[in-house]
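Top line first, the protein sequences correspond to chains A and B.
Residue numbering for the first sequence is 120 to 703, as defined by the numbering used here.
Residue numbering for the second sequence is 79 to 304, as defined by the numbering used here.
In this text, a Cβ means the ideal position worked out from N, Cα and C, and glycines have one as well.
Just so it is clear, the structure is predicted and the values come from calculations on it, not from any experiment.
Everything on this sheet refers to the single structure shown next.
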Amino acid sequence: MERLSFKEVWCADFEFGADDGERPVVRCLVATEVRTGRTIRQWLDRVPVPAAAPFNTGPDALFVSFFASAEMGCFRVLDWLMPAHVLDLYAEFKWLSCGRDGFPGKPCLLYALDHFGLPSMDATDKTDMRNLALRGGPYTADEQAAILDYCESDVVALVALLSKMLPHVDMPRAILRGRFVKAVAEMEYNGIPIDVPILARLDEHWESLQLDMVRAVDADYGVYDGIHFRTERFARWLARRHIPWPRLISGDLELTDEVFKEMVVSYPALAPLVQLRQMMDILRLADLPVGRDGRNRCLLSPFGTITGRCAPSTSGFIFGRAAWMRSLIRPEEGQALAYIDWSSQEYGIGAVLSGDPEMIADYERGDPYLGFAKRIGMVPQEGTKHTHRPERDVVKQLILGTQYGMGEQSLAVRFNKPVVYARDLLRLHRQTYRKFWEWSDAAVNLALFTGRLWTRFGWQVWTKADPNPRSLANFPCQANGAEMLRLAAVNVVNSGTMLNTTIHDALLIEAPARDIDAAIAIAQDGMGRASEAVLSGLRLHTDTKIVVAPNRYRDDRGAEFFDEMVRRLDARTAARPRRTVIYW
Amino acid sequence: MHDLYDHGPQGDAFEPNNASGDSIDLDPAKLEADKPKPTGHDPFDPKYLGLGQDFAAFSPVKPKWDIIKVEKPSKARVFRVHPTFALKTFLLTLKDENETYMVLPELRAALANESLCGIHALFPCVTKAGTPFLWPIRTADPDGKWNVWHESAFQIAQSAKVRWARMQSNRDAGHYVAGFDVRPPDQQQPPTWPDLPFSEWLRLAFQGYTIDSLTHPVLRRLRLED
């Protein structure tokens, strides 16, 4: 411990309450300086709060906690300057165990303590005390002491866990991950602005709207019986349109959301049906957590996936819901949002990290799909995406499919062509981008033979006992993409720009409408620097979608569906006087 | 379950593997992967913390060929011929079984009149996908007379030393014809040759397919002695 090159090392824990969609309400803080044992117990609920953290948070100190985005969220609501250096033992435990058999996807403190053979509070006692903290005040003096004692017990456990984990921590890169944790707290604090009045109206009429939309959308399909999706009718609809559909070993149609999402790429006629199915799965719209300030908030769960991406709850996060629901995102009056994503991010990462000159050239020309189509003679040199859209779409599906390790059988289904057609395209892709494939094959070999793969900044995956080579092949591009996004988020937050959330390969930022162009330029620069850091100096291109109030965010896959829903809602409610809806 | 701390081979990623921690120096200044940190700079700046992503360089895996087939390139194959390796030798070919045997030099005189035997040029080849094979082409008879099919194949093999080729039989013309990649050689995909000496090519191709005595089962069969 004494070898850590920080003057002070503070292990800390907050207790807080947080209703769905709301910012945390802090109850108390306990912090212990590891070398001296000095402990600070601070009650913070309904009392004057200090202007700054009551311990050293400067560049010569290290702040340690477990699931540190929660602690940083408390710093944020208390308006305390966040610590310069954060070590999140949750992220580091995940880093140590990522991909290994037998470890949970989201390990808790008790699990980590148990893993290292450390004692911990009984789970029942812990739940009781957590519920007391969540209950909210006012608290008696005894309750305050009990909550502080409970909080301190977690800090004692944290100190013990730190001493066990420290020898295994990749310190400089762990601190880099800690910077992203601070950005996560900032995003969770900001939330995503939601059009609450329309959400409330939709929720009030939800069941009848579902019926209306089934009637409207299903007229083109004839696959619903009342509100029930009928598989045999869907099979007949597919047969009439000669659409091949993935099947289970049993021979039944595979009807998961994932399959529908994949198939809609090849068969856009399915899009309204996909949106309808997602609509029918929602029991209550009001389940979306929205705070009193009209903002959607949920735990973004940093490092929640194997590739190190965030894993927010799919029901609690507006971008995890059906595409049409994203039309509920609307900036407040005078504000604007910008959705900035990297174009063909995974393609660009694969091109640069593999050093494949043809791939890099095709990326830099701006349209890698058209580039490949021209290389294999599918599109003439003078062709554009307007003159050769079908050919480009085929190549786009091929390239996206290869990034996920898709084989010839699956690609043939996507193309609705014989397997030999897909096989030939895959062969041409391997021949054209030989260096990329050598690199990708080497990554899989490295993982299979040595048990591990890692990203530019050290996020890693361990090879399972029964590894999936396709997942391993996908890891370098996906996980370096996640790394790039984390760095970008840190850059944008540090620039003072309001960051609402990260979404796969994109950032959502917010600014007053008059300042949005400047904010976009700053965010693009932050994304560019992140790209340069991961890709040895190359800046990936970005695309930007701006939404200025009173307009709403629109996702092309669901915008028309949403418009139709609102039309039907208006028609339904115009017929009779509206009663007042109290949403909260 | 893996040992959580058994990190195995490391590439260039820093990972302490001493679980006791007693002898580990966690000074960040000593943990940089690539570049020294200038004084006064942020030690956690990403530009000092990047790890190599050249997985091919870290990978301890190389392809290993256990068998090299001796065959004529099929009409679906795009192939290159090795620019320097080649061998003129005596082979016995059983077309029906699709088998080719190397005949040891001391037996050649005894088999000189066997119609299935003859002098062949053996060319090491590789497909676009990197698969090696040996292409045997029967050469001119002792009088210097070529079979036109063999002669056309031989000429195609010479051209395929510098550019990719695809060969097909043309019954109308009565010989083989080939299509060649006409781009300048520097614009063509370079062939991936296996890291093998030519002797190893021959061993992998003819192990179990060498006529090493006059009592070899193949010869006995041809003499109807089996």
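| Query | Result |
| --- | --- |
| Partner residues on chain A for Ala134/B, Cβ-Cβ distance less than 8 angstroms | Glu557, Trp558, Ala561 |
| Residue-chain proximity (Ile102/B, chain A), Cβ-Cβ < 8 angstroms | The predicted model places Ile102/B with a pLDDT of 38, which falls under 50 and marks its position as unreliable, so this point remains unresolved. |
| C-beta contact flag for Phe534/A and Val563/A at 8 angstroms | no |
| Per DSSP, the bridge partner or partners of Ala131/A | Ala150/A |
| For Arg158/B and Trp213/B, believed in contact at Cβ under 8 angstroms, the rounded distance | Wrong, their Cβ atoms sit about 11 angstroms apart, outside the cutoff. |
| Selection of the region 569-593 of chain A by Cβ proximity to chain B, strictly under 7 angstroms | Thr569, Gly570, Arg571, Trp573, Arg575, Phe576, Gly577, Trp581 |
| Residues that DSSP places opposite Glu184/B in a beta bridge | Note: Glu184/B sits in no beta bridge, so no partner. |
| Stretch pair the region 267-287 of chain B + the region 140-147 of chain B: three plus CB contacts closer than 8 angstroms | yes |
| Residue span of the beta strand (DSSP E) that contains Asn619/A, given as start and end | 617-622 |
| Rounded separation between Val166/A and Thr158/A - CA only | 20 angstroms |
| Cutoff 7 angstroms; reference Leu295/A; Cβ partners in own chain excluding five residues on either side | Phe576 |
| Same chain, Cβ closer than 8 angstroms to Ile266/A, five either side skipped, listed in chain order | Glu134, Arg146, Cys147, Met248, Leu251, Ala252, Tyr258 |
| Segments of 4+ residues assigned as alpha helix (DSSP H) that fall wholly inside the region 314-378 of chain A | 315-323, 325-337, 350-359 |
| Span separating the alpha-carbon of Ile317/A from that of Glu351/A | 36 angstroms |
| Alpha carbon of Arg553/A to alpha carbon of Asp475/A, nearest angstrom | 7 angstroms |
| DSSP state of Val514/A mapped onto helix, strand, coil | helix |
| Residue environment, His347/A, which counts as buried when at least 16 other CB atoms sit within 10 Å | exposed |
| Contacts of Arg553/A in chain B (Cβ-Cβ under 7 angstroms) | Gln267 |
| Thr288/B versus Gly252/B: straight-line alpha-carbon distance, rounded | 32 angstroms |
| Separation of Val333/A from Leu395/A, as counted between CA atoms | 7 angstroms |
| Leu285/A in three-state terms, based on DSSP | helix |
| Whole-Å CB distance - Arg618/A paired with Val611/A, under 8 angstroms assumed | Looking at the sequence provided, one finds Leu at residue 618/A rather than Arg. Contact holds; Cβ gap of about 5 angstroms. |
| Limits of the alpha helix (DSSP H) - the one that Arg546/A falls within | 538-551 |
| Whole runs of the beta strand (DSSP E) within the region 203-249 of chain A, excluding any shorter than 3 residues | 205-207 |
| Short Cβ contact (8 angstroms threshold) for Pro431/A with Gly439/A | yes |
| Enclosing alpha helix (DSSP H) for Lys493/A [first to last residue] | 487-494 |
| Candidates Leu123/A, Leu228/A, Ala302/A, Asp220/A: closest to Phe194/A by CA position | Ala302/A |
| Minimum length 4: unbroken alpha helix (DSSP H) runs contained in the region 439-506 of chain A | 464-473, 476-483, 487-494 |
| Range of the contiguous alpha helix (DSSP H) that encloses Cys417/A | Neither: Cys417/A is in no alpha helix (DSSP H) and is coded neither H nor E. |
| 8 angstroms Cβ shell around Glu452/A - same chain, five flanking residues per side excluded | Ala668, Pro669 |
| Buried/exposed call for Thr503/A, threshold 16 Cβ in 10 Å | exposed |
| Cβ of Pro151/B within 8 angstroms of any chain A Cβ | no |
| Cys270/A (DSSP reduced to helix, strand or coil) | helix |
| Within-8 angstroms CB hit, Gln597/A to chain B | no |
| Limits of the alpha helix (DSSP H) - the one that Cys596/A falls within | 588-613 |
| Delimiting residues of the beta strand (DSSP E) encompassing Gly196/B | 195-205 |
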